[in-house]
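Accompanying notes for the structure given below.
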Amino acid sequence: MLRLACLFSALVFGQFAAGISREEEEFLRVLQHYDGIYQQASLIPAANATTNGDSSSSIELRQSTTDPTDFSWIRNWAAIGDSYTAGIGSGNLFSTLSGDVSCSRYDWSYANILNSYFGPSVANFYFRACSGANSQDILAQVQALPSGLDLVVMSSGGNDLCLTAVIWNCILSPLTTSSGCQGTIQTAQNAIDNILYDNVLEILQNLDNVMNTNGIVVYNLYSKFFDTQTEECANNQNWVLFGIPSFFSNSLTSSLRQQLNTLVDNANSVIEKAIAHAQANAKKMTLISSNWEPWVTSTGGTFCMPGSSPFVEDPGNANVLFYKTDTPTAWTPGILCTYYIASGQAYRCLITKRDELAANISSEHLALLDAYVAGNITDEQKFDLGVHNFKESKGRDYLTPEEQKMVDYARYMTLEARINGPACSSTFLGLSIDIPDSIGKLFHPNEKGHETIASFTTEAIIDARAKILGVTSPGCSFPQTATCFSAQGDGYRNYASRYAFYSHTAEFCSDVASHDAPSNAGTANWVAAYTYNQGTADEVLFELRLSNGASAFDEGACNRAVNLILDSCDVDTSNNAMGWKQGGQFVDGSYTYTVGATRTTRPWPYPQSPTASCSGSYKFLWDSYTIYGTGWAGWDYGQQSLRPNASYCLEYNGQIVSPITQWKFTYYDDPSRSNGWEWVSTFRTTIWTKFRCFANNKVQIAAGGPSNAGCGGSG
């Protein structure tokens, strides 16, 4: 834990030793996440740690140490606040007691991680944080605490800003408007400007009364949710709750994401001012803030990172530190009018395809479309239309039980719940239908997120303790050495996509564990190397070399090593909209891990966006296509990107009318000799597919390509 905490002190707060490069700083910043708290923090509660009991403490004995990393002085402590501290969804429910269940307290919250780490010195742990709590509720938590506390950790403020309403109206709701979203953003900003400071200050002033002299309070700030570099989340993903499609919802554009990030920045700024005022006037407590955002934003922990997948379990999302659902764009043609409806042109379909519509959809569905086109559709009818479209996109006339639960929740939030500040989160959690934590945890820290918050909280405690003891907060030494290939500058031009690397990290370590380690048992200084995505633009190499007589292999250490390389080593620039990575090398004693891209002839400078050229040709019995691409479909010969999405375009009522034929896909050895193109694909489809599939960029976008290339020719 000391290595973990002091690393954050050195790196995050700028106390890094001279002579270490920026790449090595970032590399070492990532290292401790994989080598830190979750190796040392057991979730088995200390035998004498309870939530009730005597609050007395032996101050004289515990104050005798001058080591700020000694936590034995913590005997009576508490965790208060909102869902960020309660840990909604992270791990398992803390207990089956009604209070823990109703407050959605979880055992892999950062608070309980800390409690397990503090160990047997803890006599009483008061876990009072409650999901949905606003400042008034948190003040009540403080007033119910016993006196004589040694430590309190907390989070507070988000529910005063109606952030639940912001997330619902701007992101999750299948039936909303831009003005509705902007209205809730303004409500949140008004709360920041007018009530947040006083609310935070009142809580902290009351908290001072229940602290021991020199007791420590750590106030954990919030983190941004989003990266804002690209429009992938807007163009290629659907963030409406559980994918319920609707043409009445918002798109998660970079500008909207920036607005939401700005709310977090503004809230943290006001909270910091209140903390400074409270600390300046504190009688007993030492108050310190903890900001985990530098880790979130520097290690790919936010949503919508360039190249991120819409699927939660995709290896490309391994570093995301918040809960989300799968967010794929559910684009399947379905009935003949789906494209028109999805693009807001339902009237064209009703005019030109009415007989076919009547034969394929229910009369209720058709009547709702009529009302929409006529402009006299109500909110309730809009929602019903969205549900009909959802069922149609699934090719069935019913909802599964889980889908029905989501629809009921969305209907309630959209048509019945009226969320108003500042106690809007309490309203949210007091709905008349059961809201599972699987929904409530969205946009909250996941298990890795809570590990990170626990790490930063520990560092804050050590810093505050060092101040109390009048000693210097401890520094760090780093036995490992790290090198990012980007440190070579313009002389190293190999790169590959995030997905090309991350999708093989676990595979490499498993391959070594299954093949190389057994075959080299008892042999010293062996080498294992694997090449993945062979022959593609995104070909990558993973290698492990043992030295100094080493022969054993640890698959867990391997996974941590290759992931920390990739977490740290992007191309050497802040202008990396597509998230390209170049890899690097990590030496851990007698084990040297190398991860890198092998293709030396890729376009340079590296692309900032995918590009394409498409040409179609009508051949009476088929359409023939030629597509060139750069910066996308670089790892799979088009088999999991271009080809399946082109095939989806040929579906009718969930069935492929005619398969792709004459498929060919070739990577060029040297794009500089091919007009800059990295690959070319040729294939045939049924006739008249160009405008509904390729000229509108539907297939290209779904395959990870550009949104503006179109398709020429006569197809």
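With mature numbering (1 follows the signal peptide of the UniProt record, and there is no 0) applied, the sequence shown corresponds to residues -22 to -1, 1 to 693, in that order.
Every residue gets a Cβ at the ideal spot worked out from N, C-alpha and C, and that includes glycine.
Segment limits, beta strand (DSSP E) that includes residue i
i	result
N192	M189 to N198
A575	Y569 to A575
N102	N102 to F105
S595	T589 to Y596
Y508	V505 to Y510
K668	It is not in any beta strand (DSSP E) - K668 carries neither H nor E in the DSSP assignment.
Y473	Premise fails: Y473 is in no beta strand (DSSP E) and is neither H nor E.
T436	Where T436 is concerned, there is no enclosing beta strand (DSSP E), although the alpha helix (DSSP H) it sits in stretches over E425 to L447.
W291	Reading off the sequence, residue 291 comes out as Glu, not Trp. No beta strand (DSSP E) contains E291, which DSSP labels as neither H nor E.
Short Cβ contact (7 Å threshold) for residue i with residue j
i	j	result
T165	K262	no
T277	D205	no
A555	P284	yes
S133	T44	no
C211	L230	yes
I253	I439	no
I149	W217	yes
Y645	T514	yes
L185	V120	yes
S68	E425	yes
I52	D115	no
L199	A432	no
D60	A122	no
A530	E521	no
residue 694	S99	Coverage of the chain is limited to positions -22 through 693, which leaves residue 694 absent and any answer about it impossible.
Whole-angstrom distance between residue j and residue i, CA atom to CA atom
i	j	result
T579	F486	25 Å
T155	S267	36 Å
G609	G562	21 Å
S591	Q215	23 Å
L344	P637	31 Å
L447	H255	22 Å
K559	S481	13 Å
C536	A484	9 Å
G691	K676	17 Å
N503	L519	19 Å
T430	R670	46 Å
Y376	F661	37 Å
A687	P293	29 Å
P649	G683	17 Å
residue 705	A611	Nothing can be reported for residue 705, as the shown portion of the chain is limited to -22 through 693.
P581	N553	16 Å
T663	T639	7 Å
I665	N367	27 Å
T356	G364	12 Å
S201	A478	28 Å
D138	G65	18 Å
A395	S80	Low local confidence applies: a pLDDT of 47 at A395 is under 50, so the model's placement there is unreliable, and no value is given.
E250	S157	30 Å
V298	V274	8 Å
R538	H493	19 Å
residue 755	S625	The question about residue 755 has no answer here: the residues shown for the chain are numbered -22 through 693.
G607	Q678	10 Å
Y350	A245	40 Å
Any non-hydrogen atom of the ligand SAH within 6 Å of residue i CB
i	result
L139	The ligand content of the structure shown is nil, which means the ligand SAH is not present either.
Supposed contact pair residue j and residue i - C-beta distance, whole angstroms, cut 8 Å
i	j	result
R621	W641	6 Å
F289	P272	F289 to P272, Cβ: 27 Å. No contact.
T589	V658	In fact, because the Cβ distance is near 13 Å, the residues do not count as touching under 8 Å.
L117	I181	5 Å
F300	H422	6 Å
E517	T576	5 Å
residue 694	A444	Look at the range of the chain in this structure, -22 to 693, and you will see that residue 694 is not part of it.
Start-to-end residues for the alpha helix (DSSP H) that takes in residue i
i	result
W273	E271 to S276
F479	R476 to Y480
E210	E210 to N213
S80	S76 to S80
T644	Here T644 belongs to no alpha helix (DSSP H); instead the beta strand (DSSP E) covers T639 to Y645.
Residue i at chain B interface by Cβ criterion, 7 Å
i	result
D601	The chain inventory of the structure shown lacks chain B, comprising one protein chain alone.
Is the segment 129 to 145 touching the segment 235 to 255 in the sense that three or more CB pairs, one from each, lie closer than 8 Å? yes
**Asked** If we count Cβ pairs, one from each stretch, closer than 8 Å, do we get three or more for the segment 535 to 551 versus the segment 570 to 587?
**Response** Verdict: yes, contact present.
Pair every Cβ in the segment 47 to 58 with every Cβ in the segment 104 to 117, then say whether three or more of these pairs are closer than 8 Å. yes
Three CB pairs or more closer than 8 Å across the segment 490 to 500 and the segment 461 to 475: no
Three or more beta-carbon pairs under 8 Å between the segment 464 to 474 and the segment 71 to 78, yes or no? no
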